[in-house]
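Counted from 1, the sequence shown has number 175 at position 174 by the numbering used here; the numbering is strictly sequential. Positions of the beta carbon are idealized from the N, C-alpha and C atoms, including for glycine. In what follows, a single structure is set out as structure tokens and then discussed.
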Amino acid sequence: MFKRTPHLTLLATVAISAVCAVPALAAPPPKQLSVAPTNPYWTVLNAQSHKALRFGARVGTCTFIPRASCAALQLPGQNLSGAFIPFAALQAANFAGGSLAASTITHVNLRAANLTGVSFVGTAPVDANFAGAQMRHTALTFAGFTNADMRGVDLRGANLNFGAIVGADLRGADLRGMNVSDSDVNGTDLRGVDLRGANLSNADLSGAKLAGAQLKGAVFCNTLMPDGSIRAPRKGLCPGQHGTPPPPNAKPIIVPNTSPFFTAIYALQFGHQVASGTRVRGCVIRAFTRCRGAHLRSADLQGGFLGYSDLRGSDLRAANLQLGDIAYADARGAHLDQIKLGGTSIVSADLRGASLTGASLSLAVAAAADLRGANLTGADARSSVFDSADLRAANLTGARFTQADLSAADLRDANLTRTNLSQTSLVGANLTGANLTGTILCDTIMPNGSIAHPTPGACPGT
Numbered sequence: 002m003f004k005r006t007p008h009l010t011l012l013a014t015v016a017i018s019a020v021c022a023v024p025a026l027a028a029p030p031p032k033q034l035s036v037a038p039t040n041p042y043w044t045v046l047n048a049q050s051h052k053a054l055r056f057g058a059r060v061g062t063c064t065f066i067p068r069a070s071c072a073a074l075q076l077p078g079q080n081l082s083g084a085f086i087p088f089a090a091l092q093a094a095n096f097a098g099g100s101l102a103a104s105t106i107t108h109v110n111l112r113a114a115n116l117t118g119v120s121f122v123g124t125a126p127v128d129a130n131f132a133g134a135q136m137r138h139t140a141l142t143f144a145g146f147t148n149a150d151m152r153g154v155d156l157r158g159a160n161l162n163f164g165a166i167v168g169a170d171l172r173g174a175d176l177r178g179m180n181v182s183d184s185d186v187n188g189t190d191l192r193g194v195d196l197r198g199a200n201l202s203n204a205d206l207s208g209a210k211l212a213g214a215q216l217k218g219a220v221f222c223n224t225l226m227p228d229g230s231i232r233a234p235r236k237g238l239c240p241g242q243h244g245t246p247p248p249p250n251a252k253p254i255i256v257p258n259t260s261p262f263f264t265a266i267y268a269l270q271f272g273h274q275v276a277s278g279t280r281v282r283g284c285v286i287r288a289f290t291r292c293r294g295a296h297l298r299s300a301d302l303q304g305g306f307l308g309y310s311d312l313r314g315s316d317l318r319a320a321n322l323q324l325g326d327i328a329y330a331d332a333r334g335a336h337l338d339q340i341k342l343g344g345t346s347i348v349s350a351d352l353r354g355a356s357l358t359g360a361s362l363s364l365a366v367a368a369a370a371d372l373r374g375a376n377l378t379g380a381d382a383r384s385s386v387f388d389s390a391d392l393r394a395a396n397l398t399g400a401r402f403t404q405a406d407l408s409a410a411d412l413r414d415a416n417l418t419r420t421n422l423s424q425t426s427l428v429g430a431n432l433t434g435a436n437l438t439g440t441i442l443c444d445t446i447m448p449n450g451s452i453a454h455p456t457p458g459a460c461p462g463t
């Protein structure tokens, strides 16, 4: 039976220090990790563990399939966790008080929808339309809104802790009292936004537009500002910084080392974040840095902020950039073989001609990234988001893209020989001229929304 796994934006970069990370252990990683309810990842793991809405299920008057047309759908309070409904027309729908946790709602139209109190935990809508939607008190932990139209959205009291709104248009939105702590909001248009009383502790606002924004009473602490500077630097926890409280009697969740979540969670628990402004082999690790041709092979750059940076031709082979940020960076022709990019934001980065053979990309978010002619042979991209990425003529031979989101990706003339696409979304993708020799298709959602090789059991590599 087909079962969806959430496509996540696990951008924990800005909050590693907030969960008391310690230096990496010399001993090899254990076979499993116990994730306590106080760990930020617990929330999304818990959402993932719940039974997902069956593919093609009919709820109310709507059949939940790709490109469904269900405008003005009335389903208040409905649990729709795990729904797979990309490119759907849901404008003016009412889902108030319900759940879309761990769902695939990329490219959906939810314009003017009532989403008050809805859980979007672990959901990654790319190029979605939320303009004018009511989203007060929504749960957005580990949600990722990339290049979304969110003009005029009412987000008062929403919780974006450990979430992301990247490259979105929020002009005229109401974010009063919103918890934006430990979140990634870079490249977002916040002009005229009402941020009064919002918590921006540890938030990444690099590249954002803040002209005309109302900031009275907003909390700034270790906040990465649009120009890459840090406002109100502070060691330790920031005032008012808080995560999502676990439900009563919540129990730890065991994560085996075979899970795509394992490396990111292990890094968060035991890794060490490189501080913004740290100089490593002549390269200053910060947003907008200029490190063209830098020699950073095997460097430990975990959690590094390198958004909007010039990394052209740099040598980052076997470097550790887990839980980091290279969104909007120029890394054309960079040597990134065996690099660790688990949980890293690569949104809209320019990686044309880059070499990423054997790279670890699990949980990475490379939405709208330019990877034309890149070499991803043998890369591990499980549960990653490559929605709307340009992969023309890229080499993905033997790569693992299981349970990944490649919706609307441009894969023309790409080499997908022996690529594992089990339980992966290719809805809206362009496969013209792609080499599909030996490509593993199992419960794969094809460009037209059909399921290739449905299976009642487990798919290879899942």
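Exercise for the section: Could you have a look at V285 and say whether DSSP puts it in helix, strand or coil? Expected result: Position 284 of the sequence shown, counting from 1, holds the residue named residue 285. V285 falls in the strand class under three-state DSSP.
Exercise for the section: Starting from Q135, follow the beta strand (DSSP E) in both directions and report where the run begins and ends. Expected result: What you label residue 135 is simply residue 134 of the sequence shown in a count that begins at 1. No beta strand (DSSP E) contains Q135, which DSSP labels as neither H nor E.
Practice task
May I ask you to list the residues that DSSP assigns as paired with K217?
Solution key: For the purposes of this step, residue 217 is taken as the residue at position 216 of the sequence shown. Bridge partners of K217: none, in fact.
Practice task
Could you work out which residue in G178, Q92, I86 is closest to D155 when comparing CA atoms only?
Solution key: To locate residue 155, count along the sequence shown from 1; it is residue 154. Cα-wise, what sits closest to D155 is G178.
Handout entry: Under the three-state DSSP convention, the category T464 falls into
Key = Absent from the structure is residue 464, since the part of the chain shown begins at 2 and ends at 463.
Handout entry: First and last residue of the uninterrupted alpha helix (DSSP H) at S426
Key = Working through the sequence shown from its first residue, we reach residue 426 at position 425. Looking at the DSSP string, S426 is not in any alpha helix (DSSP H), and its letter there is neither H nor E.
Practice task
From the DSSP output, in three-state form, read off L238 for me.
Solution key: Sequence index remark: in the sequence shown, residue 238 carries index 237 (1-based). Coil, per DSSP.
Handout entry: Contacts around P247, its chain only, beta-carbon distance under 6 Å, and the 5 residues preceding and following it disregarded
Key = Position 246 of the sequence shown holds residue 247. So the qualifying residues of the chain are P38.
Practice task
Would you mind working out which of N396, I266, A265, L312 sits nearest T438, comparing C-alpha positions?
Solution key: Taking the sequence shown and counting its residues from 1, the one referred to as residue 438 is at position 437. Comparing Cα positions, the closest option is N396.
Practice task
Could you check how far apart the C-beta atoms of A209 and L191 are, in whole angstroms? I think they sit under 8 Å.
Solution key: Counting from 1 along the sequence shown, the entry for residue 209 is found at position 208. Counting from 1 along the sequence shown, the entry for residue 191 is found at position 190. Indeed, because the Cβ distance is near 5 Å, the residues count as touching under 8 Å.
Exercise for the section: Just the C-alpha distance for N47 and P240, rounded to the nearest angstrom, thanks. Expected result: For the purposes of this step, residue 47 is taken as the residue at position 46 of the sequence shown. For the purposes of this step, residue 240 is taken as the residue at position 239 of the sequence shown. Going by the C-alpha atoms only, they are around 27 Å apart.
Problem - DSSP bridge partner residues for Q75 (one or two, in chain order) - result: Residue mapping note: residue 75 aligns to position 74 of the sequence shown, counting from 1. Answer by DSSP bridge pairing, in chain order: N95.
Handout entry: Residue span of the beta strand (DSSP E) that contains L442, given as start and end
Key = Working through the sequence shown from its first residue, we reach residue 442 at position 441. Per DSSP, L442 belongs to no beta strand (DSSP E) and is neither H nor E.
Problem - Cβ-based burial, P257 [other Cβ within 10 Å; buried from 16] - result: As a first step, residue 257 must be located in the sequence shown, where it is residue number 256. Looking at its Cβ environment, which holds fewer than 16 other Cβ atoms inside 10 Å, P257 is exposed.
Exercise for the section: Would you kindly work out how many angstroms separate the C-alpha atoms of R222 and P234, rounded to a whole number? Expected result: Numbered from 1 along the sequence shown, position 221 holds the residue referred to as residue 222. Numbered from 1 along the sequence shown, position 233 holds the residue referred to as residue 234. According to the sequence shown, residue 222 is Cys rather than Arg. For C222 and P234, the distance between alpha carbons rounds to 6 Å.
Handout entry: Distance, D150 Cα to I446 Cα
Key = As a first step, residue 446 is located in the sequence shown; it is residue number 445 there, counting from the start. As a first step, residue 150 is located in the sequence shown; it is residue number 149 there, counting from the start. Near 25 Å, if we compare the C-alpha coordinates of D150 and I446.
Exercise for the section: Tell whether a beta-carbon distance below 8 Å holds between G429 and S408. Expected result: Residue mapping note: residue 429 aligns to position 428 of the sequence shown, counting from 1. Residue mapping note: residue 408 aligns to position 407 of the sequence shown, counting from 1. Yes, they are a contact pair.
Problem - Inter-residue spacing [alpha-carbon to alpha-carbon] between C443 and S100 - result: On the sequence shown, position 442 is the one that residue 443 refers to. On the sequence shown, position 99 is the one that residue 100 refers to. Going by the C-alpha atoms only, they are around 27 Å apart.
Practice task
Go through its chain and collect everything with a Cβ distance to G278's Cβ below 6 Å, but skip five positions before and after it.
Solution key: Your numbering for residue 278 matches position 277 in the sequence shown. For G278, where only same-chain residues beyond five positions count, the Cβ hits under 6 Å are R287.
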